[in-house]
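Residue numbers (our numbering), protein chains in the order written: chain A, 634 to 836; chain B, 261 to 455; chain C, 185 to 375. Note that the Cβ used here is the ideal one computed from N, Cα and C, for glycine as well. Here the structure comes first, spelled out in structure tokens, and everything after it is commentary.
Written as structure tokens, this is what we have:
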């Protein structure tokens, strides 16, 4: 993969969570509002860029046997950093996201990129990969969050859209709505891929 | 053997680097995190209690430790005189865990100004009714120097129907504060004066 | 009685998968056959309960007395990762049958957010020791229940004429949504 590819593949070819079916939990859990989706996506992007950087830097130092353990320590450290800075600078958001911030640590996207990309590529390209996959994830989460917030509460980033006559479709901000919304979006995306002639079906 | 040594060494180095960086960040952000927590979590309760913007009150904070529990105490000043306190306590025994409440105290009349809920995880519609003004009205004007109890055990507080646990957690927190005031009033005022 | 209510609430009302959205990767990944779903479910019950006990002890005995609560995430994930390794080694040595049945699911569990999630929820709810054990086992049982039921549905779905674009994960998610809707009917039971 060359540099340009590393920088762009996260936006369509490996777009999480739709094309790269990883990181489903946060995509469902924090997307009741667009703002939460955006915040979560950016937090994951931060962790992804720097975990890729450190793991790529350390790739010749870390012995194969303790590979996963070392990755976990690096990732967990970054997650705690995010946790602390969110509490210090974005307190309401950190309350909203709750336990899903510490759960970034078990987000398979991050360990997946570390293992599949950063552990065998140089630093800069690994960071580019982290940036692209992370921003792709952010875009997806914000999209799902916007859709659910607009339909489910009649607002977008907290701004009222429809006036008082609108009866919100409350189902969308609850758990079943999350599953349904993600499933239907995934289906639409597959249909679009098929029209473009890409053969791609998640198994 | 050398191999294992290297494994351990690498892990130890990574872990210590991580611990060092985290404790550094933690120390530099600690005050800011506490202020943010006060502003967003305690601020609203404080503002309602004293009927004035929380930003004027949040800086007036001391912490009193008693029997291993730390009680955050906020105070209101009129000129040089400390006229009111707001003591936070966690009432134990709620249905979904402790109920954190803030109890306002009028030092001029030695009575309770009122109670506000800071946070709780009680059942919506049942225990969550502790937030309702009608229930909390029972606190207004309670004298210091006494303790409270639910009406069912001979006291004066009428429990919320169907939410005895939540009601008794409220009573527990209130008694913690009343007891703290009775035994440590001088110490609290000295702490405030010493700031 | 309170413990029963707690357990029922954790299995049905606050189902870890369908109401709290934890553990979705294995939910979609290993739910194609009932057999594998049972294996994953049992492995999760076992590891989640064990991990909750150790993380709870670590939090209240090690971190809280030293004022190190902020290290929670780091410590928890290390405990879970180490525990999964130990369980794997132990099973390999002690019980060949159990290892053959559960062994392949164990590595997957380290990154299963249900296990980490239950450990974090225990702390968030401020449970005592007994409540914590009951809640963890019940939540994990809720995960097992959901994944096994779901596998049953997916086995049938395999034979259904699903539109091409919706095949695989897409239809699985929609199905999960409908199941989640059914589980919402339990709200009001328990707590």
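Q: Let me know if residue 288 of chain B comes out buried or exposed under the rule of 16 or more other beta-carbons within 10 Å of its beta-carbon.
A: exposed
(Q) Under 8 Å, with one C-beta from each stretch per pair, do the segment 418-431 of chain B and the segment 383-401 of chain B reach the 3-pair mark? (A) yes
**Q.** Positions along the segment 769-794 of chain A whose CB lies within less than 8 Å of some CB in chain C
**A.** none
Q: Give the DSSP-derived three-state secondary structure of residue 366 of chain B in the structure shown.
A: strand
Q: With DSSP collapsed to three states, give me the class of residue 634 of chain A.
A: coil
Q.
Quick check: the segment 188-197 of chain C against the segment 438-451 of chain B, are at least 3 beta-carbon pairs closer than 8 Å?
A. no
Q | Within chain C, the residues that residue 286 of chain B reaches when beta carbons sit closer than 7 Å | A | 254
Q: Could you round the C-beta distance between residue 208 of chain C and residue 661 of chain A to whole angstroms and report it? I think they count as a contact, below 8 Å.
A: 6 Å
(Q) Looking at chain A, is there any beta carbon in it that lies within less than 8 Å of the beta carbon of residue 293 of chain B? (A) yes
Q: Pull up the DSSP beta-bridge partners for residue 330 of chain B, would you.
A: B:325
Q. Apart from the five residues just before and just after residue 664 of chain A, which ones in its own chain have a Cβ nearer than 7 Å to its Cβ?
A. 670, 774, 777, 778, 781 and 811
Q) What's the C-alpha gap between residue 309 of chain B and residue 729 of chain A? A) 25 Å
Q: Quick one: measure Cβ to Cβ for residue 235 of chain C and residue 262 of chain C, integer angstroms, because I've assumed they're closer than 8 Å.
A: Actually they are not in contact, since the Cβ atoms of residue 235 of chain C and residue 262 of chain C sit about 11 Å apart, beyond 8 Å.
Q) In chain C, which residues lie less than 8 Å from residue 827 of chain A when you measure between Cβ atoms? A) 348 and 349
Q | Residue closest to residue 790 of chain A, alpha-carbon to alpha-carbon, out of A:650, A:636, A:667 and A:801 | A | A:667
Q. Going by beta carbon distance, what residues of the same chain come within less than 7 Å of residue 636 of chain A, once the five residues before and after it are set aside?
A. 758 and 761
Q) Do residue 223 of chain C and residue 270 of chain C have their C-beta atoms within less than 8 Å of each other? A) no
Q.
Which residue wins for smallest C-alpha separation from residue 344 of chain C, given the options C:359, C:280, C:331 and C:330?
A. C:359
**Q.** Cα-Cα separation, residue 335 of chain C to residue 325 of chain C
**A.** 15 Å
Q: Could you list the residues in the segment 348-374 of chain B with a C-beta less than 8 Å from some C-beta on chain C, going in chain order?
A: 355, 356, 357 and 358
Q: Classify residue 322 of chain C as helix, strand or coil using the three-state DSSP reduction.
A: helix
(Q) If I measure Cβ to Cβ from residue 719 of chain A and keep anything under 6 Å in the same chain, skipping five residues before and after, which residues do I get? (A) 727
Q) Nearest-angstrom Cα distance between residue 349 of chain B and residue 358 of chain B? A) 9 Å
Q) Could you check where the alpha helix (DSSP H) with residue 159 of chain C kicks off and where it finishes? A) Here chain C covers residues 185 to 375 and nothing more, so residue 159 of chain C does not appear.
Q: Taking residue 718 of chain A as the query, report the chain B residues whose CB atoms sit under 8 Å from its CB, ordered along the chain.
A: 285 and 289
Q | Continuous beta strand (DSSP E) stretch holding residue 379 of chain B: start and end | A | 371-379
Q) Where does residue 202 of chain C sit, in a helix, a strand or coil, going by DSSP? A) coil
Q: For the segment 666-697 of chain A, enumerate the residues whose C-beta is nearer than 7 Å to any C-beta of chain B, in chain order.
A: 694, 695 and 696
Q: Mind listing the chain B neighbours of residue 310 of chain C? Cutoff is C-beta to C-beta under 8 Å, in chain order.
A: 357 and 358
Q | Buried versus exposed, by CB contacts within 10 Å (16 or more), residue 694 of chain A | A | exposed
Q. Among all the DSSP beta bridges, which residues are the ones paired with residue 792 of chain A?
A. A:789
**Q.** Which residues DSSP lists as bridging residue 335 of chain B, in chain order
**A.** B:345
Q: Taking only the alpha-carbon atoms, compute the straight-line gap between residue 644 of chain A and residue 303 of chain B and give it to the nearest angstrom.
A: 42 Å
Q: Report the rounded CA-to-CA distance for residue 343 of chain B versus residue 351 of chain B, giving the unit in angstroms.
A: 25 Å
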